[in-house]
Amino acid sequence: MAGFRISPLDRDQPNGRPQWRFTVFAQDEGGEGLVGYADVQVNLKDINDNAPIFPQGVYFGNVTENGTAGMVVMTMTAVDYDDPNEGTNAKLIYSIEKNVIEEETGSPIFEIEADTGVIKTAVCCLDRERTPDYSIQVVAMDGGGLKGTGTASIRVKDINDMPPQFTKDEWFTEVDETDGTNLPEMPILTVTVHDEDETNKFQYKVIDNSGYGADKFTMVRNNDGTGSLKIVQPLDYEDPLQSNGFRFRIQVNDKGEDNDNDKYHVAYSWVVVKLRDINDNKPQFERPNIEVSVYENADVGKTLETFKATDPDQGGKSKVSYAIDRSSDRQRQFSINQEGTVTIQRNLDREVTPRHQVKILAIDDGIPPKTATATLTVIVQDINDNPPKFLKDYRPVLPEHVPPRKVVEILATDDDDRSKSNGPPFQFRLDPGADDIIRASFKVEQDQKGANGDGMAIVSSLRSFDREQQKEYLIPIVIKDHGNPAMTGTSTLTVVIGDVNDNKMQPGSKDIFVYNYLGQAPDTQIGRVYVYDLDDWDLPDKKFHWESQEHPRFKLDEDTGMITMRQGTRDGRYHLRFKVYDRKHTQADVPANVTVTVREIPHDAVTNSGSIRIAGITDEDFIRVWNYRTQSLSRSKADRFKDKLADLLNIDRENVDVFSVQLRRKHPPLTDVRFSAHGSPYYKPVRLNGIVLMHREEIEKDVGVNITMVGIDECLYENQMCEGSCTNTLDISSLPYMVNANKTSLVGVRVDVLAECTCGARNFSKAESCRSSPCHNGGRCMETRYGLSCSCPTGYTGPRCQQTTRSFRGNGWAWYPPLAMCDDSHLSFEFITRKSDGLLLYNGPIVPPERDEMLVSDFISVELERGFPRLLIDFGSGTLELRVKTKKSLDDGEWHRLDIFWDTENVRMVVDYCKSAEVSEMEDGSPPEFDDSSCQARGIIPPFNEYLNVNAPLQIGGFYREQFDPTHYRWNYMPMGKGFDGCIKNLVHNSKLYDLAHPGLSRNSVAGCPQTEEVCSQSEQTSRCWEHGNCVGSFTEARCQCRPGWTGPACNIPTIPTTFKQQSYVKYALSFEPDRFSTQIQLRFRTREQHGELFRVSDQHNREYGILEIKDARLRFRYNLNSLRTEEKDIWLNAIAVDDGQWHVVRVNRHGSAATLELDGGEGRRYNETFTFDGHQWLLVDKQEGVYAGGKAEYTGVRTFEVYADYQKSCLDDIRLEGKHLPLPPAMNGTQWGQATMARNLERNCPSNKPCANVICPDPFECVDLWNEYECT
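Structural data, given as C-alpha cells:
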C-alpha cells in the first residue's frame, strides 16, 4: 500500500501540528467483501524554518540610578516555534546588537546573558539626571542562524541624589500687621524649589534665630510641593523693632526631614517681610474720666473741660477727631470741638437732670476707624429758679347751705434744692388780684409751724353757698419760697360746692344715640333715666322703675337709673317709659321718657375717620343740650359740628357720623372727637382732616370750641410720648364709650390712638394679617399658612395692589396720608418731566398757626428748580436746604430717582443711586477716591429738634394751601411751590409703598402716566407686553420688562425652571462685560432647605464678590469690594423664612457699596438696605470664572468636585444679571447674554419628590402633596 501527500505539511505553531493520526481500512471482493482496519500515526520531522521572534516588540525595564555594575535590569525572552528537541533548531542565543556607550570610557553600558536573555548593567553609577532612559536592540539567534530582534527600553529610576534649590535667593512680601491676636489663616507667601530628582519629599522650615522675627512665622508644605509662609505670632507695626519689617532664612530638605544633618539635601533662602500699618489701635485718652461742677444758669458757650487723646497708628501721625455719643446726651446739651474742648450748647436745668454722664468719643482716621471712650461727669448745681406750687391737686368739697368753716389745709412743694435753702419754709396768701366775689367768699391764712415748719395755708369760707347757683369756685393762692432771691408762684384751688337734695323733681325726657360698632356691642350701659331736677347729687334718694313691663332689649338698674342695652339689639328707634320715686320729697311715679336710636357703624367708617382734639370742654359739654345756668335748651356742639361738616363737604347731613366723643383729660378738660363721612365709599381721613384744617377758625367760631389738633397724632409733639421713634396705632375696642349728659347720651365707638415707641414701618414683631396690611384697589387678600398674598386687578402693580404712578399737568396736586414719624427715615421716589421747575412733594402746614396753639412748624419739600433737585427740611428748629448740581439737569424726559435719608441730625439726598459719581480705585492698596458732588448732598439739621413731625396731608405734584408768611413758622427758606408737569412713581417711605390710586383730594391729576403709556402703545412689541410684563417707557422710548417667569422680546415665552439635586451647580461664561459700579440680580427660587447659595459673581480669585444665599432659612446678600482685604458687608431679611416650598422672587440691587435686597415685591419686612457709599465701590466680575448658580464647585481631582454651600433638593428659575436673562440647563444652555459652560446634577422642571408615595392618612383624611412635603387634610 502506498500513501502520498496532496498538500505541504507544517509542524510548527501557530498553525501547524507535529503529529498526524488517521485510520486506513481495506475491503476485498471488489468492495463487497470483508473489511480490515489499521491506525496510522505520522510524526513530522522538524526542519529549521522558523526564525525567533519577540512577540511584544518593545520591552520595558528599569534600573535605579547610581547602582553598581552587574545589576539586573530585565529579562528578554524570544519565542521560536521549531522543535526544541530537533538539533539546535530552537536553541536561542541572545546578544546586544546596538548597545549604548559610556562617553568617558567608551565601554558598553549594558550586557546580556547569552543563554537566559537577562540584561544587566555593565558599568556602575548611571545618572538619571544626565540620561533618564536608554534604548538597546537585542538579537535572538537559533542554531540554524535565523534571527529575531526586539527593543529594550530601559528607564533609569530616580534616587534622591540631587540637591534642592530655591528658585530665588531672596523672597519679598508685604503684609498687614495683625489686628490684635487675630491671626490670618491664609499664607502670606508661596515659595518654589527646583530639584532635578523626580520625587522629592520637601520639608520646609524657618531657621530659628536666623534673623529678627523668625519666631513669628512658620513654613508649611503644599500638595504641589511648594512651600507657604504663615504667621504664627501677632505682628505689630507700632513696635519700633517690627516697623522696619523682618529678614530671616528658610530652608528646604528634600528627604522629608526637618534637620540639616545631610547638608547636600538642604537649600537655603532669605525671606524679607515688610509690614503695612493697619488701624489696629484705639486712640488713648490722657484722662479718661473727668468730673466738673457747674451752676444750672451757666451761659451757653461756657467751656467745661478739654480732653486729649493720641493714637499710635501711622507712626503716631494718625489724626484724632472728637465727638459726643448722643445716646449719653439725648438733649444735645454739650458740644465738643476738634481740640477736644467741651462746652455747654444748651441751657442746663438741674430739676430735669442734676447729673450728666457724657460719653466722649475719640475717633482715629484709619479705615475702618477705631474709637475710644471717655466719660465727662457734669454735676449741675442748683439756683433758685422754680416757684413753689401745691403739693397735690386739691379739690375740697364744701356742702351747700352751711355756715362759714375751715375748707382745707394746703401744703406746698418746690423742685429746687432744699439743702441750698431754695425751698421751704413757704409763705401763702390769697392773690390780691382775685375776683371780688372770691375775696368776699374765702380767706387764706398762714400757719408757719405747719408741715414740720415748712409752712402751710388754711383756707376757710366766709359765707354759705347754693350749688344750683354755682357749682365750683377757683381761688388763686400766691406761694413764696425761701431762696435768695425768692421765687413766687400762683396755684389755683378748686372748691366744689356739694349738693343737698333740696329741690323736687319734675317729669323729664331724654334722647340716647348708640353707635354699634359692627353690630357687636356686648351688654352696654347707654345712659341714665332723666327727670328734671335742679339737684344732681340726690341719686341715693331715688328709685327707678319701668312704667309697665320691661322692654326685652333693655335692662334697668332700679338704684342708679342706668339703662343697659342687651347684646344683639338691632338698628332702629326704641321708645322706653319709666317712672321715678324720691323718698326725701316722697314723690312717686314721676314719668320719664327715653328714646334710644341704634345705628350700626362699619369698620370702614372707623378706619377712615377724621378726628379733632378740643380743649376747655368735657365730653359731656360737647353733647349737652341743657344749660343749667340759663335753664334753657339749645343745640349741642356735636350737632352744630355735624352740620358744619356736611356743609363743608357738601353732602347730606345723614351721611356724616360723629361716632366717638371721649374725654382724654379731666383737668383742664381735653376731649377727642371722631367723625366719618361718605359719598360712596367713605372719604379718606386725609380729606376729612385736611378740610377741617383749612376751615378750622370758621368751625371754632360756629361750633363754639377750641380745636388744638386736627388729625389726632400722639407723636406730633417731640419727645412727649416717646424718646425716639413714635408710631400711632388706632386701637378700636368692641366695648363702647358712653357719654351721659342730662337730656342726651351718646354711646360711641371706643377708639384710642396709642403711641408706640417704635418705627412702625420697620417693626416686624407682629404677624401680618389681611386687616393690618390689606390689599388696595379691590385686590383679593389671601392668608395662607405661608403668609399673605394679594391677587390684583389689571393695572395695579404694587405688591399690595398699589397704583404706583401718578401724573400731573403743572396746575394740580394730590393729597395722601402724612409721612409717619421715624427717627431713621428713608423716602424715595422716581419722576419724569421736561419742565425745569416744579414741586414734587410737600408735607407740612397748610394754614397759618393759631395764636395760642403749640407751634409745630416741621415740613419737608422736594422740588426741581432750573432742572436740579432742591430739598428743604425743617424739624421745627430751623430749615436745612440741600441742592445737588447734577452733571446734566433732570428735566430730560427720562425717569430719575431721588433717595432722601434723615435721622435726628443728618440729612442726605442721593440722585440716581450716585451712578454719575467719579470713582478711582488702584490695586496698590491706596485708598479709593469717590467724588459724589454730582449726585449726593449732605447737611445737618439746625439744632435742637430731632424729628420730622407732620400730620397735615402729604401733597404730591404741587400744593394746595393758603398763602401765609413764612415768618409765622420761623422758616429760613420757602418752597417755590410751582406745579409739577410730569409723572411720579414708586413713592416709598420706610419700605412702605404709597398707593397713588385714590388721593384724599386732588386737582388736575390722574392715575398712571399717560405721557409714557402713549410711547408704549406706539411700538408693536411694547404694546403687547402688558400680558406678562410691564412697559418701561420714557417720553421717547419704551421697552418690555418681563414679569418673573416670562422671557422673550414681548414677554410671551414662559421660562423653564430647573431642579438642583445634591452637588449641583451651573458655571456661566458671560458674553457681556458686567458693570463695575452696579450689580442687579433677579431670580425665582423654591426650596424647603435651610441653607444654600443661590447665585454669585466674583473676580478670578474670589477676593471681590457678591453672594446671594439662604442661611438659616433667611435670605442674605453679602459682598466684598476690596481685593486686598475682606471688608464684607451684608444685608439680611430676618423677618421672613423662605424654606416654605413656595416660589419666591428675589432682587438684589447694588450700586457701589450701597445695596438693597427685595423679596416678592420688596415691601415692609421683605426689604432691607445698606445705603452708604464708603470704601471701595467697584466689583470686578470675571466673566469666564466668576459667575455661578447653585453653589461654587471646587475640583478636588480630575473628575471629582465638591460644591460648597450646595443649593440642593430645590429649584431655580429665570435668573437675570443686570436684567439680562441667563440660561438654565438642561432646558437651555445658552442665551445671547451667556453660556452655561459647566452644569452638574440638574433636572428639568421642578417636580415634587412624591412625598405621599409611602404615606397612609387615617380616615377621613387624604394625603396632599405640598411640594416636597405632605399634609393629611
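Letter 274 of the sequence shown, counting from 1, is numbered 298 in the numbering used here, and no numbers are missing.
Ideal placement from N, C-alpha and C gives every residue a C-beta, glycine not left out.
The structure presented is a predicted model; accordingly, all values stated were derived computationally and were not measured.
The alpha-carbon separation between residue 1033 and residue 838 amounts to approximately 14 Å. DSSP places residue 1045 in the uninterrupted alpha helix (DSSP H) bounded by 1044-1047.
Look at residue 938 here: in three-state DSSP terms it is helix.
Between the alpha carbons of residue 59 and residue 45 lies a distance of about 20 Å. Assignment of beta-bridge partners to residue 482 by DSSP yields 433, 469. Under the three-state reduction of DSSP, residue 1050 is assigned to helix. Residue 311 places its beta carbon 9 Å or farther from that of residue 294.
Short of 6 Å from the beta carbon of residue 858, and not among the five residues preceding or following it, lie these beta carbons of its own chain, in chain order: 915, 917. For residue 594 and residue 1051, the gap between their C-alpha atoms comes out near 48 Å. At the C-beta level, residue 328 and residue 255 stay beyond 9 Å of one another.
In terms of Cα proximity to residue 890, the closest of 899, 912, 861, 156 is 861. Shown here, residue 1175 sits in a strand according to DSSP, grouped into three states. Put simply, of 91, 396, 1185 the residue whose alpha carbon is nearest the alpha carbon of residue 1068 is 1185. Of the other Cβ atoms in all chains shown, fewer than 16 fall within 10 Å of the Cβ of residue 140; this residue is therefore exposed. Residue 1013: not part of any alpha helix (DSSP H); member of the beta strand (DSSP E) spanning 1005-1013, first to last residue.
Following the DSSP letters along the chain, one finds residue 644 inside the alpha helix (DSSP H) bounded by residues 643-647. Where residue 242 is concerned, the enclosing beta strand (DSSP E) starts and stops at 241-245. In the three-state DSSP reduction, residue 1078 falls in the strand class (E or B). Per the C-alpha coordinates, the member of 934, 380, 1002 positioned closest to residue 403 is 380. Residues 1081, 1083, 1110, 1270 of the same chain have their beta carbon placed closer than 6 Å to that of residue 1235, with the five preceding and five following residues left out of the count. Residue range 709-718 is occupied by the alpha helix (DSSP H) that includes residue 713, with no beta strand (DSSP E) assigned at that position.
Distance between residue 488 and residue 523, taken at the CA atoms: about 13 Å.
In the three-state reduction of the DSSP assignment, residue 338 falls in the helix class.
Restricting attention to 636, 906, 715, 693, the CA atom closest to the CA of residue 893 is found in 906. Shortest Cα-Cα distance from residue 200 to any of 210, 178, 1121, 1231 involves 210. When 114, 159, 70 are compared, the shortest CA-CA separation from residue 97 is found for 159. For the options 957, 926, 510, 981, the alpha carbon positioned closest to that of residue 970 is the one of 926. The three-state reading of DSSP puts residue 670 in helix, counting H, G and I together.
Close CB contacts of residue 1292 within its chain, under the 8 Å cut and outside five residues either way in sequence, are with 1112, 1165, 1233, 1272, 1273, 1275 (chain order). Boundaries of the alpha helix (DSSP H) harbouring residue 627: 627-631, taken from the DSSP string. Selection 1004, 602, 1261, 34 evaluated against residue 613 yields 602 as nearest (Cα-Cα). Residue range 1225-1228 is occupied by the beta strand (DSSP E) that includes residue 1226. Under the three-pair Cβ rule at 8 Å, the segment 267-286 counts as touching the segment 229-237.
Under the three-state reduction of DSSP output, residue 923 falls in the strand class. It is roughly 56 Å from the alpha-carbon of residue 985 to the alpha-carbon of residue 470. Every beta strand (DSSP E) stretch that sits fully inside the segment 182-208 and reaches 3 residues is listed by chain position as 194-200.
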